[in-house]
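Novice: Note that my numbering has the sequence shown beginning at 71, numbered continuously upward. Take a look at the following structure, please.
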Amino acid sequence: MASPAFGVLDPVQVAVLSAAAATAFVLTLRELVASLHALQQDDYSNLRFARWLGAAKTRLIHGRIAMVYVAGGLLLVALSTAPTEYWVPALTSCVAVLVTVKSLKRPPQKKPLVYTGRARRLLIVSAALAALLFALGFLVFSRLATSAGLAAASVPGLAVLVIALVSIHAAPLVSMAANLLLFPVQASINKMYLVRARRKLARVKPMVVGITGSYGKTSTKYFTEALLESRYRVLKTRASFNTILGICRAVNEELGPEHEILIVEMGAYRQGEIRDIAALARPHIGVLTAIGPQHLERFGSIETIEKAKFELLEALPADGIAVINNDDPRVRRLAEDLRGPEVCRYGLDSTAGDLDLAADSIEHGPEGLTFALVDREGKRVTVRTRLIGLHNVSNILAAATVARAANVSLREIAGAIGRLQPVPHRLEVHTGADGVTIIDDAYNSNPVGAFNALDALAAFKTGRRILVTPGMVELGAEQDAQNEQLGARAAGVCDYVILVGKSQTAAIQRGLDGAGFAADHVVAAKNLTDGLEALKGIVRTGDVVLFENDLPDLYDEE
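This is the structure:
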């Protein structure tokens, strides 16, 4: 770091200036990590990150910048006067910034940054770019300031201050630039993963069951595995690994020669993604659970969602089997246009057409679900499960229809249904030692699932019913209306409502107000941490608390 102004500084001033520069870079690095965390949660999409950044405004920066201004001001004084008199307060100011940064912790992360190979590469390149920006900016500013006639002794301190402020504010842009620079590298790595997965699938040759839909696909995947594994050796893609890279990872790391069936959940944010996954996995059975406004904001229209989900059924071979939810009119209409594969229909409404598998005599409550499985020939068997939520009947039917297509008997299916466990964070019921029942439906939320979760909450008759929710997101033009309806429905079920994110939940608040819900029984919390603190002051033994949705850290409000 060379500058004409450095010749007028003594060693103490240089030491103070170096400490200030190091402090500024530490602050910049902190913001680079925060930007990386946000990018990772947005699937490393610069476009989606930029949209979030525009809405977030100063979310990444907080009030720490004020401390940089104070430190910079003290440094300027120290570096433009006698060092023996001012170096102590200047150096103290640098330490104060570091202490302040350490004390101003961000809210607890619900989904911590995972330092994958891609994340590490991105952070290293981002840090290198930031260092380059800092060094070049310092040199350029120093020369310009000197040319403008500023006092030589004050130029380095002023340069550090200005470049520090620029580099800290520019950290998100630096991360985006690094992400762009690394795109060719990442594309090559992704292609390698894809080739390996394709070769392994060709070698193992499992029968592949593909599952997609706007909602219900993850639960259906778990239930399908449970219903098939009594007869087959089954592998399902982990958790919500439903992108092509997630599926490649599952195949490369977990698929073995012992596996006879591979169950693949297929998600998408745009047209073509499910087609690409299907081209890799080559499903023989394809399940379409539902079509709704989930991720409408990203797709743009419900018609685009239809086309994206239909890509799975279009990819099935002529001897394949399409398993469709006949209760969903959009799915039903799409199935009518399908040519080639056999279509197997499931549903609760037998008046909507002939069903290969139906459910009737449904009973539900806090203890679980009871209903009759009825096949096309009229054979029926009563099933019981500890799962709650009426929408789980449809998810179980989808899994059972796949099992029937794989030659599992109704009796075997009924036994497996009785052993089903709740899918993590999807209407999981826990009762703690304090006598409070928790219904964990926090994974994500859609209109059908949210309203069914409220119905499940309403079935609990002991204690008070408390809802904790940030509402639903990515519903596009329908979002406010759906959230307002959620508030109105909650008003008829709940005794207390804790809203997470005041701006985010404004529409739910309108729904509660419109239904005449007591204002003093609503808490609008800034984030989940504050919401949980508010819950502690409300909940008591015997109460039932529903956690409906838990948005990523990207949605935290300051």
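Glycine included, C-beta positions come from ideal geometry on N, C-alpha and C.
1) Indicate the three-state DSSP secondary structure (helix, strand or coil) for Cys318 in the structure shown.
2) Measuring CB atoms only, is the region 301-318 touching the region 247-254, in the sense that at least three cross pairs come out at less than 8 Å?
3) Would you mind sorting Val184 into buried or exposed? The rule is 16 or more other CB atoms within 10 Å of its CB.
4) If you run the structure through DSSP and keep just helix, strand and coil, what is Ile361?
5) Give me the Cβ distance between Met277 and Glu330, rounded to the nearest whole Å; I'm assuming they're in contact under 8 Å.
6) Can you say whether Ala104 is buried or exposed, counting buried as having 16 or more other CB atoms within 10 angstroms of its CB?
7) Once the 5 residues before and after Leu97 are set aside, which same chain residues still bring their CB inside 6 Å of it?
8) So within the region 339-395, which uninterrupted alpha helix (DSSP H) runs reach at least 4 residues, ignoring any that extend past its ends?
9) Please state if the CB of Leu460 and the CB of His434 are separated by a distance shorter than 7 Å.
10) Where DSSP assigns a beta bridge to Asp430, which residues make up the other side?
11) Touch check for the region 467-476 and the region 553-569: three-plus C-beta pairs under 8 Å?
12) Ala200 and Leu102 look like a contact to me (Cβ under 8 Å); what is the Cβ gap, rounded to whole Å?
13) In chain order, what are the residue ranges of uninterrupted beta strand (DSSP E) at least 3 long that sit wholly in the region 230-287?
14) Determine the direct distance from the alpha carbon of Phe587 to that of Ala576, and round the result to whole angstroms.
15) Between the alpha carbons of Ala89 and Ile259, how many angstroms are there, rounded?
16) Mapping the DSSP letters down to three states, classify His461 as helix, strand or coil.
17) I'd like the span of the beta strand (DSSP E) that includes Thr452, first residue to last.
18) For the beta strand (DSSP E) holding Gly417, just list the boundary residues, first then last.
19) Please report the residue range of the beta strand (DSSP E) in which Glu335 lies.
20) State the Cα-Cα distance for the pair Asn249 and Ala385, rounded to the nearest angstrom.
21) Grab me the residues of Ile314's own chain with a C-beta within less than 6 Å of its C-beta, minus the 5 sequence neighbours each way, in chain order.
22) Below 8 Å, can you find three or more Cβ-Cβ pairs linking the region 279-295 to the region 314-329?
23) Can the beta-carbon of Val230 be found closer than 7 Å to that of Ala91?
Specialist: According to the structure shown:
1) helix
2) no
3) exposed
4) coil
5) 7 Å
6) buried
7) Ile238
8) 343-351, 366-369, 372-384
9) yes
10) Ala442
11) no
12) 6 Å
13) 277-282
14) 14 Å
15) 39 Å
16) helix
17) 450-455
18) 412-417
19) 331-335
20) 33 Å
21) Asp346, Ile347
22) no
23) yes
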